[in-house]
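Participant:
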Amino acid sequence: MMLVYAKIDSLQEKLTSFKSNISVGFVPTMGALHQGHLSLIEEAKKNNDIVVVSIFVNPTQFDKKEDLDNYPITMDSDIAMLEDIGCDIVFAPTANEMYTDGLKSEHFDFGGIEYEMEGAFREGHFDGVGTVVKRLFEIVKPHTSYFGEKDFQQLQIIKALVKVENMNIRIVGCPIYRELDGLAMSSRNARLTVAHRKAAPFIRKTLIMAQQKFGTENAPSVLKWVTDSFEKHPLLTLEYFSIADVETLKPIVQRVQNHEYRGFIAVKAGKIRLIDNIEL
Ligand code: PAF
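Going by the numbering used here, the first residue of the sequence shown is number 14, and it counts up by one from there.
1) Provide the residue(s) that pair with F165 in DSSP beta bridges, ordered along the chain.
2) Where do the N-terminal and C-terminal ends of the beta strand (DSSP E) with D258 fall, by residue?
3) How many angstroms separate the CA atom of R217 from the CA atom of G195?
4) Threshold first: 3 residues or longer. Then list the beta strand (DSSP E) segments lying entirely within the stretch 92–161, N to C.
5) How about A139 and P106: are their beta carbons less than 7 Å apart?
6) Where are the alpha helix (DSSP H) runs, 4 residues long or more, that stay fully inside the stretch 157–242, in chain order?
7) Alpha carbon to alpha carbon, what distance is there between V64 and R183?
8) Are the stretch 162–178 and the stretch 110–127 touching, with three or more C-beta to C-beta distances below 8 Å?
9) Given a threshold of 16 other Cβ atoms within 10 Å of its Cβ, counted over all protein chains shown, does D82 qualify as buried or as exposed?
10) R275 and F165 look like a contact to me (Cβ under 8 Å); what is the Cβ gap, rounded to whole Å?
11) Hey, out of I92, A57, Y84, whose CA is closest to L16's CA?
12) Tell me which same chain residues have a C-beta within less than 7 Å of the C-beta of T42, skipping the five on either side of it?
13) Drop a sphere of 10 angstroms on the beta-carbon of E273, count the other beta-carbons inside from all chains shown, and report buried for 16 or more, exposed for fewer.
14) Along the chain, where does the alpha helix (DSSP H) that runs through A57 open and close?
15) Just verifying my parser: in three-state terms, what is the DSSP assignment at E292?
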């Protein structure tokens, strides 16, 4: 039977009752679970004895109050989905339980990757993510933790977090899970208007075209093509498109051998902000 805890003490009491050779896989979430989350949990189940999932909408990582206030909360169906999939333990704390000293973020130095893309457009976002994930890691003490590649920059931030904090936790990135029409799954998709939901697969289509173009054209030319394509679109507004090195996340001009690149995009669809990325 799946166990659900809201208190750190009771969760830790349970976790410490397990034998020391039991491997713990951990999937942190903000709830409003979808197939993308479930694919992370499946991966965790395959490779660990126990799977812990946290559900906590972390206030300190939201740069806009409106986004936090409107973040979907579907706790009952989340719990039912987790039970169905065979998750062992759910940790669903309150904000007071997680932040005993007020809703403050720690400031982190992740070597610069925190200032690119999402970091540039969402002030304080990665300090908030770093703060909550560090705290969750300290509480759960997992062997391995799983993150989706949709938030590729976040995945790189978490890898940097365990390095700077000297935490012995393996971080695993899992492929983006998509709707049939190509839209990357996200809890925010549920808040799209019908028209914006219909328009949203344009993001993935544009990324695929950009991937093809990057085979023969340089980055500035692909960038210009993507920008022009969104300028012509009646419903979607481009916030950024960047062709960046996967290690530094810095935008590049020219391909260099033995480096990996990705195209990263953020788009406003009405009030909803969508992100996606593609290997190049
Ligand atoms: O990706 C998310 O859902 C969140 O950023 C995370 C990792 C659960 C931290 O709040």
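Where a beta carbon is used, it is the ideal one built from N, C-alpha and C, also for glycine. Treat the numbers as computed from the prediction; the structure is a model and nothing was measured.
Facilitator: On the basis of the supplied data:
1) DSSP output for F165 lists no bridge partner at all.
2) Run containing D258: 249–258, per the beta strand (DSSP E) assignment.
3) C-alpha separation (whole angstroms): 6 Å.
4) Segments of the beta strand (DSSP E) lying fully in the stretch 92–161: 102–104, 157–161.
5) Per the sequence shown, the amino acid found at residue 139 is Phe instead of Ala. For F139 and P106, no; Cβs fall outside 7 Å.
6) Entirely contained in the stretch 157–242, the alpha helix (DSSP H) runs reaching 4 residues are, in chain order, 165–177, 207–212, 214–226.
7) The straight-line gap from Cα to Cα measures roughly 14 Å.
8) Yes, the stretch 162–178 is in contact with the stretch 110–127.
9) Taking all protein chains in view, the Cβ of D82 is surrounded by fewer than 16 other Cβ atoms within 10 Å, so the residue is classified as exposed.
10) Yes, they are in contact, since the Cβ atoms of R275 and F165 sit about 6 Å apart, within 8 Å.
11) The shortest Cα separation from L16 among I92, A57, Y84 belongs to I92.
12) Closer than 7 Å at Cβ, skipping near neighbours: H50, V66, S67, I68.
13) Exposed: under 16 other Cβ atoms inside 10 Å.
14) Counting along the chain, the alpha helix (DSSP H) containing A57 begins and ends at 48–60.
15) It is a strand residue.
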